[in-house]
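First up is the structure itself, then whatever we jot down about it.
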Amino acid sequence: MAGVDHDLTDEQWTVLKASWGGCAYCGATEGPVQRDCVLPISRGGRYTLDNVAPACGPCNASKCNDEVTSWMRRKRLDERAFLVRHAEIRASVLVCVARVAGDQVRPAAPAPRPESSPTWCT
Ligand SMILES: [Zn+2]
């Protein structure tokens with residue numbers, strides 16, 4: 539961890555994955571998603587809520603160190619829709635994580651976590 543600022547929390551990542559409901563880039567819902575840096579680490583990106591999106595294996599491998607908008611254009615993916623949704627989800631994750639944290643303060647009030655509902659916190 540030496541000096542590397544990876545400040546996406548496990549809670550944020552869990553809600554982020556649930557909010558996207560699959561790969562942020564191509565929409566694939568099969569298979570596991572990985573933390574992908576929208577702005578690659580090699581270009582100054584970091585593992586923060588602002589900069590992480592869930593990506594399926596093929597997208598993650600294909601995008602690699604590319605800049606996201608040029609990569610999405612090359613793949614004929616809708617980068618504009620991605621950027622809009624990325625901003626919306628980032629905002630809702632902050633609200634949702636704060637709400638879940640608040641819920642956990644009260645005993646016997648577990649937050650509902652249905653496996654496949656991306657809207658469980660809205
Ligand atoms: Zn994908």
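Taking the working numbering, the leading residue of the sequence shown gets 539, the next gets one more, and so forth. Idealized CB from N, CA, C, for every residue including glycine.
Quick one: any contact between the segment 581-589 and the segment 610-621, if contact means 3 or more CB pairs under 8 Å?
no
Rounded C-beta distance between Leu615 and Cys575? I'm assuming under 8 Å.
Here residue 615 refers to the residue found at position 77 when the sequence shown is read from its first residue. Here residue 575 refers to the residue found at position 37 when the sequence shown is read from its first residue. With a Cβ gap of about 17 Å, Leu615 and Cys575 do not count as contacting.
Give every residue of the same chain whose Cβ lies closer than 7 Å to the Cβ of Lys555, excluding the five residues on either side of it in the sequence, and list them in chain order.
Looking up residue 555 in the sequence shown gives position 17. The answer, listed in chain order, is Val571, Pro592.
If you draw a straight line from the alpha carbon of Ile627 to that of Ser557, how long is it in whole angstroms?
One-based indexing of the sequence shown puts residue 627 at position 89. One-based indexing of the sequence shown puts residue 557 at position 19. Those two C-alpha atoms are separated by around 7 Å.
Residue range of the beta strand (DSSP E) that includes Ala593
Mapped onto the sequence shown, residue 593 falls at position 55. Ala593 -> beta strand (DSSP E) spans 590-594.
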